[in-house]
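Those letters in the sequence shown? Residues 3 to 243, per the numbering used here, in order. From the three backbone atoms N, C-alpha and C, an ideal C-beta is built for every residue, glycine too. Take a look at the structure set out below.
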Amino acid sequence: MPQWQCMCKPHSRCCIIGPSMLASDLANMCGEAKSVLAAGADELHLDVMDGHLVPNITFGSPVIASLRKSVPEAFLDCHMMVSKPSQWVGDIAKAGGSRYTFHLEAIDTDEVNVAGVCRLIREHDMKVGVALKPGTGVEAVAPFISLVDMVLVMTVEPGFGGQSFMPNMMPKVLSLRTDCPDLDIQVDGGLGPKTIDEAAAAGANFIVAGSAVFKPGVDPSEPIGTMRRSVMRLGQGKADA
Numbered sequence: 003m004p005q006w007q008c009m010c011k012p013h014s015r016c017c018i019i020g021p022s023m024l025a026s027d028l029a030n031m032c033g034e035a036k037s038v039l040a041a042g043a044d045e046l047h048l049d050v051m052d053g054h055l056v057p058n059i060t061f062g063s064p065v066i067a068s069l070r071k072s073v074p075e076a077f078l079d080c081h082m083m084v085s086k087p088s089q090w091v092g093d094i095a096k097a098g099g100s101r102y103t104f105h106l107e108a109i110d111t112d113e114v115n116v117a118g119v120c121r122l123i124r125e126h127d128m129k130v131g132v133a134l135k136p137g138t139g140v141e142a143v144a145p146f147i148s149l150v151d152m153v154l155v156m157t158v159e160p161g162f163g164g165q166s167f168m169p170n171m172m173p174k175v176l177s178l179r180t181d182c183p184d185l186d187i188q189v190d191g192g193l194g195p196k197t198i199d200e201a202a203a204a205g206a207n208f209i210v211a212g213s214a215v216f217k218p219g220v221d222p223s224e225p226i227g228t229m230r231r232s233v234m235r236l237g238q239g240k241a242d243a
């Protein structure tokens with residue numbers, strides 16, 4: 003089946019749009035956050051990179067804590083592209099993180115196993131997410147579905163923003179949606195109005211978008227609305243969306 007023809011059965015999972023703050027004007031992150039929330043964003047996606055798991059360094063708990071003070075009611079989705087994910091759970095929780103998404107590939111660097119990391123995250127009152135790099139098969143996460151709230155399927159190689167969407171990741175999304183119809187499935191990388199239909203049709207309901215939302219001269223409500231309608235139409239089967 004051609005990659006762009008991955009089509010799930012209609013699901014009932016809520017559509018969540020999370021602008022990636024790494025693509026914002028970082029000198030005005032708080033202002034940018036308020037802008038996209040006012041434009042209809044459901045949560046804010048924060049890419050935390052340590053220079054070990056991925057070849058880049060971004061920001062950590064001090065920046066998250068500052069953002070939390072500026073947008074106290076916002077849901078902060080923390081995508082932890084870090085080695086030893088258990089090491090940072092406490093810091094991110096204290097900073098105000100709402101969801102802690104760790105990479106399955108990082109567990110080999112940790113003394114704590116997947117179940118232990120999930121338990122630790124819950125003990126710190128955060129939602130649990132687990133992420134898969136493009137090279138990791140969907141079967142790797144199957145034993146842990148019951149432990150998490152969300153699975154993130156990366157649609158670019160993690161580490162840098164502005165990459166092109168990888169449509170060959172859509173069979174992973176479709177497989178998860180088919181096997182786990184009540185699972186929240188996030189996609190991250192290269193998403194925007196031009197690529198959302200493929201992801202929505204495959205069954206993704208949590209959408210992370212960076213440069214498509216933080217584009218100079220573009221009202222962020224436009225791409226946010228386009229992506230939401232796509233998930234409603236192609237994922238939830240609402241023909242009038």
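query, result
"Length of the line joining the Cα atoms of Leu-236 and Met-128", "30 Å"
"Residue interval of the beta strand (DSSP E) (run including Gly-131)", "129-134"
"Segment limits, beta strand (DSSP E) that includes Ala-211", "208-211"
"Alpha carbon of Ile-59 to alpha carbon of Asp-242, nearest angstrom", "43 Å"
"Presumed contact (8 Å Cβ cut-off) between Val-116 and Phe-146, rounded CB distance", "5 Å"
"Inter-residue spacing [alpha-carbon to alpha-carbon] between Glu-159 and Gly-191", "8 Å"
"According to DSSP, residues forming a beta bridge with Pro-21", "Ala-211"
"Rounded separation between Ala-211 and Leu-178 - CA only", "21 Å"
"Proximity winner among Met-83, Ala-203 and Leu-176, relative to His-54 (alpha-carbon distances)", "Met-83"
"Residues near Ala-97 by beta carbon distance below 7 Å, same chain, minus five either side", "Ser-63, Ile-66, Ala-67 and Arg-70"
"Inter-residue Cα distance where the pair is Glu-113 and Glu-141", "23 Å"
"Sequence-distant residues of the same chain with beta carbon closer than 6 Å to Gly-164, five excluded per side", "Ser-213"
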